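So the structure is just underneath, and the comments pick up after that.
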Amino acid sequence: EPTMHGEILSPNYPQAYPNDVVKSWDIEVPEGFGIHLYFTHVDIEPSESCAYDSVQIISGGIEEGRLCGQKTSKSPNSPIIEEFQFPYNKLQVVFTSDFSNEERFTGFAAYYTAIDINECTDFTDVPCSHFCNNFIGGYFCSCPPEYFLHDDMRNCGVNCSGDVFTALIGEISSPNYPNPYPENSRCEYQIQLQEGFQVVVTMQREDFDVEPADSEGNCPDSLTFASKNQQFGPYCGNGFPGPLTIRTQSNTLGIVFQTDLMGQKKGWKLRYHGDPISCAKKITANSTWEPDKAKYVFKDVVKITCVDGFEVVEGHVSSTSYYSTCQSDGQWSNSGLKCQPVYCGIPDPIANGKVEEPENSVFGTVVHYTCEEPYYYMEHEEGGEYRCAANGRWVNDQLGIELPRCIPACGVPTEPFQVHQR
Amino acid sequence: IFGGQPAKIENFPWQVFFNHPRASGALINEYWVLTAAHVLEKISDPLMYVGTMSVRTTLLENAQRLYSKRVFIHPSWKKEDDPNTRTNFDNDIALVQLKDPVKMGPKVSPICLPGTSSEYNVSPGDMGLISGWGSTEKKVFVINLRGAKVPVTSLETCKQVKEENPTVRPEDYVFTDNMICAGEKGVDSCHGDSGGAFAFQVPNVTVPKFYVAGLVSWGKRCGTYGVYTKVKNYVDWILKTMQENSGPRKD
Chain A
1 EPTMHGEILS
11 PNYPQAYPND
21 VVKSWDIEVP
31 EGFGIHLYFT
41 HVDIEPSESC
51 AYDSVQIISG
61 GIEEGRLCGQ
71 KTSKSPNSPI
81 IEEFQFPYNK
91 LQVVFTSDFS
101 NEERFTGFAA
111 YYTAIDINEC
121 TDFTDVPCSH
131 FCNNFIGGYF
141 CSCPPEYFLH
151 DDMRNCGVNC
161 SGDVFTALIG
171 EISSPNYPNP
181 YPENSRCEYQ
191 IQLQEGFQVV
201 VTMQREDFDV
211 EPADSEGNCP
221 DSLTFASKNQ
231 QFGPYCGNGF
241 PGPLTIRTQS
251 NTLGIVFQTD
261 LMGQKKGWKL
271 RYHGDPISCA
281 KKITANSTWE
291 PDKAKYVFKD
301 VVKITCVDGF
311 EVVEGHVSST
321 SYYSTCQSDG
331 QWSNSGLKCQ
341 PVYCGIPDPI
351 ANGKVEEPEN
361 SVFGTVVHYT
371 CEEPYYYMEH
381 EEGGEYRCAA
391 NGRWVNDQLG
401 IELPRCIPAC
411 GVPTEPFQVH
421 QR
Chain B
1001 IFGGQPAKIE
1011 NFPWQVFFNH
1021 PRASGALINE
1031 YWVLTAAHVL
1041 EKISDPLMYV
1051 GTMSVRTTLL
1061 ENAQRLYSKR
1071 VFIHPSWKKE
1081 DDPNTRTNFD
1091 NDIALVQLKD
1101 PVKMGPKVSP
1111 ICLPGTSSEY
1121 NVSPGDMGLI
1131 SGWGSTEKKV
1141 FVINLRGAKV
1151 PVTSLETCKQ
1161 VKEENPTVRP
1171 EDYVFTDNMI
1181 CAGEKGVDSC
1191 HGDSGGAFAF
1201 QVPNVTVPKF
1211 YVAGLVSWGK
1221 RCGTYGVYTK
1231 VKNYVDWILK
1241 TMQENSGPRK
1251 D
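Chains as they are written, first to last, in my numbering: chain A, 1 to 422; chain B, 1001 to 1251.
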């Protein structure tokens, strides 16, 4: 258990310590305290670099001191021969003796006490981003006005998040702009426009001054835009490095401004506005658009009508037109529908005749019916040609959709009657 | 057929064989057979075949059987109880409607109907073809089809033929303009040929084809001159009957 103080004595102290001894002590004081270790007696076999017998002081795996020989106090008013102060709360002391002590050595006597450390000043690393306050056994961080302490209890930042911009036009700037922006902050903004508008951000190059990227190109401070489907940035540097106009294709945009502890610059200022989402006019084959406009925007509805001989098939239903709406994402609804050639199917068979099987039965295909000649002939001359029409039926110029009729040829015997009578 | 010769069915593919009573008919399209009224006087469901030269019973199995749907006897045909004493054959014409369409081919095809123009009026001396399985000089009936070519003659010629039947008074016979008289000595139609076509070539066509100018009707004595129903006079009735009774097309 950590203790506030303690005593460490070599084996048999104040008698001579034995040969071949290795003994160690692990010292621990409460968190937030350092250790003051001091020796009041040292009588250990002397050797060069204390190679034979020694007492070692080890902190964090590093030997902080090694003692041997006979030492006396340097001050007549103080019993302390050697002393050490460590800003850590753990320490190891190791006593070692070898096998051959020709003389009698009594070892050492040492004492330790927990001492307060100043975390704010005793370490190279600064424990607080802004103000450090030391107290006995610990420290706490505090922040300047308008800053708040992050959950890590060490870093202060500015509460700059949460603004939601819904107006169709607006201006957003970094905190304090054009004065230096706060360090160690993360500012998140949202632009949320009504559906059908895309956020367009415009930035003047000179309105942007953010700590530039390091040698590896990483931005220590950065401005980043994120829409539904894409991200713009992170940007940093003096002068806006991105496009001066950013069309997001989205009605919402997130803006994140992240800063670190160092190098505050002027910051940035941007303008935005809502631009009606437009849908590109698509080239749809074999169809016409009504109304036919150069530009279509959100909620525009067009009627797409197939040209003659083409149709739209949805499941088992076909029609000659369909409607498409410009959607909030800039895409057309029903974009999967297409005008395809009308299909007439296999032509119906007829009695006493036949029809050639077409390679395909789509609009414009021509088939011919024939009768079983010479016993049948077609009732209507030129009535054998049928064309796959726009209405999906096989149509003849004369008969329309009526099928041709093969009627028997009359009065023609296969063989004439040869009369032999007188 | 008196004075005729063997014929092939390919010579007369419109020839319809009526089994009982033995008679003939003329196929005029897929669904209709034209015949004499007196053939159907006693039967309503005639047994008919087409496409066969021989009417031997075993060979009829290879012929195309026709099934009648309905029989239409000319409304002006006068029914009589005793056909043996009949002297009035005026309007001796009838139609048989078939249940199923006849499949045409080299042995089966219809004969044309006469047109209504004067070109279709037959005159004495015009030659026409008759055919049938009826009596010959030697046999009451024949197995194989026979045919003959006979000239049209005046109706008076038929009147002058001496009557054989003692039960009938010669002056009782009725002769009308609905009849054609044809024949020459020894060449004639006879019993069993009734209803068959008296076929003439269609006038003024490049490809020869035949139309039914008459139907074998009656005669006083076989082998002299026979009387044929003049079909031209009934074309309107034929067309009207067929039109009014044609059901919905099966094709």
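Cβ atoms here follow ideal geometry from the backbone N, Cα and C, with glycine treated the same way.
Since this is a predicted model, take the numbers as computed values, not measurements.
Exercise. Could you tell me whether the stretch 1145-1164 of chain B touches the stretch 1060-1069 of chain B, where touching means 3 or more Cβ pairs closer than 8 angstroms?
Key: no
Quiz prompt | Rounded C-alpha distance that separates A/MET378 from B/SER1109 | solution = 15 angstroms
Self-check item: Distance, B/LEU1239 Cα to A/ARG463 Cα
Solution: Any answer about residue 463 of chain A is impossible in this case: the structure gives chain A only from 1 up to 422.
Quiz prompt | Boundaries of the beta strand (DSSP E) in which A/ILE172 is found, first to last residue | solution = Run containing A/ILE172: 169-173, per the beta strand (DSSP E) assignment.
Quiz item: If the cut is a Cβ gap below 7 angstroms, which residues of chain A does B/PRO1013 touch?
Solution: Residues of chain A passing the Cβ test: PRO413, THR414.
Quiz item: For A/CYS410, is the classification buried or exposed, using 16 other Cβ atoms within 10 angstroms of its Cβ as the cut-off for buried?
Solution: buried
Quiz prompt | Cβ neighbours of A/LEU168 in the same chain (closer than 6 angstroms, five flanking residues each side left out) | solution = GLY274
Exercise. State the DSSP-derived secondary structure class of B/TRP1077, mapped to helix, strand or coil.
Key: coil
Quiz item: Which runs of the beta strand (DSSP E) fall wholly inside the stretch 244-284 of chain A and span at least 3 residues, in chain order?
Solution: 245-247, 252-258, 267-276
Quiz item: For the beta strand (DSSP E) that contains A/ASP20, what are its first and last residues?
Solution: Taken as a continuous stretch (DSSP letters only), A/ASP20 belongs to no beta strand (DSSP E), as it is neither H nor E.
Exercise. Report the option in B/TYR1234, B/GLU1244, B/ASN1245 whose CA atom is closest to the CA atom of B/TRP1077.
Key: B/TYR1234
Quiz item: List, in order along the chain, the chain B residues whose C-beta lies closer than 9 angstroms to that of A/HIS420?
Solution: Going along chain B in sequence order, the residues near A/HIS420 (Cβ under 9 angstroms) are GLN1005.
Exercise. Give me the Cα-Cα distance between B/THR1206 and B/THR1167, rounded to the nearest whole angstrom.
Key: If you draw a straight line from the Cα of B/THR1206 to the Cα of B/THR1167, it is about 49 angstroms long.
Quiz prompt | A/ILE81 beta carbon less than 7 angstroms from that of A/SER73 | solution = yes
Self-check item: Minimum C-alpha distance to B/TYR970 - residue among B/ASN1019, B/GLU1163, B/GLY1025, B/LYS1139
Solution: No answer is possible for residue 970 of chain B: the residues shown for chain B start at 1001 and end at 1251.
Practice problem: With 7 angstroms as the limit, tell me which residues of the stretch 357-378 of chain A have their beta carbon closer than that to any beta carbon of chain B; keep them in chain order. | Solution: TYR375, TYR376
Quiz item: For the stretch 326-354 of chain A, which residues have a beta carbon sitting closer than 8 angstroms to at least one beta carbon of chain B?
Solution: ILE350, ALA351, ASN352
Quiz item: Cα separation between A/TYR296 and A/LYS282?
Solution: 10 angstroms
Practice problem: Flag this pair as touching only if the stretch 397-412 of chain A and the stretch 1163-1178 of chain B have three or more C-beta atom pairs under 8 angstroms; answer yes or no. | Solution: no
Quiz prompt | Spatially closest choice to A/GLU28 from A/GLY137, A/ARG66, A/ALA114, by CA coordinates | solution = A/ALA114
Quiz item: So the beta strand (DSSP E) A/ILE58 belongs to, where does it begin and stop?
Solution: 54-59
Practice problem: Say whether chain B places a C-beta atom closer than 7 angstroms to the C-beta of A/PRO404. | Solution: No Cβ of chain B is located within less than 7 angstroms of the beta carbon of A/PRO404.
Quiz item: Does B/ILE1111 have its Cβ less than 7 angstroms from a Cβ in chain A?
Solution: yes
Exercise. In angstroms with no decimal places, state the Cα-to-Cα distance between A/PHE33 and A/SER97.
Key: 31 angstroms
Quiz item: Residues in its own chain within less than 7 angstroms of A/PRO276 by CB, not counting five upstream and five downstream?
Solution: GLY196, PHE197, VAL297, PHE298
Quiz item: Between which two residues does the alpha helix (DSSP H) carrying B/GLN1243 extend?
Solution: 1235-1244
Quiz item: Could you give the residue range of the beta strand (DSSP E) that holds B/LYS1230?
Solution: Its beta strand (DSSP E) spans residues 1226-1230.
Quiz prompt | Beta-carbon neighbours of B/VAL1202, restricted to chain A and to distances below 8 angstroms | solution = Ordered by position in chain A, the residues that pass the 8 angstroms Cβ test against B/VAL1202 are GLY411.
Quiz item: Which of the three DSSP states, helix, strand or coil, is assigned to A/HIS380?
Solution: Coil, per DSSP.
Practice problem: Return helix, strand or coil for B/ALA1037, following the three-state DSSP convention. | Solution: helix
Quiz prompt | chain B contacts from the stretch 284-309 of chain A (Cβ-Cβ distance under 9 angstroms) | solution = none
Exercise. State the DSSP-derived secondary structure class of A/MET4, mapped to helix, strand or coil.
Key: coil
Quiz item: Is any beta-carbon of chain A found at less than 7 angstroms from that of B/LYS1209?
Solution: yes
Quiz item: Over what stretch of residues does the beta strand (DSSP E) that includes B/THR1167 continue unbroken?
Solution: Here B/THR1167 belongs to no beta strand (DSSP E), and DSSP marks it neither H nor E.
Quiz item: Pairing CB atoms from the stretch 361-379 of chain A with CB atoms from the stretch 320-332 of chain A, are three or more of them under 8 angstroms?
Solution: These segments do not touch.
Quiz item: Over what stretch of residues does the alpha helix (DSSP H) that includes B/CYS1158 continue unbroken?
Solution: 1155-1160
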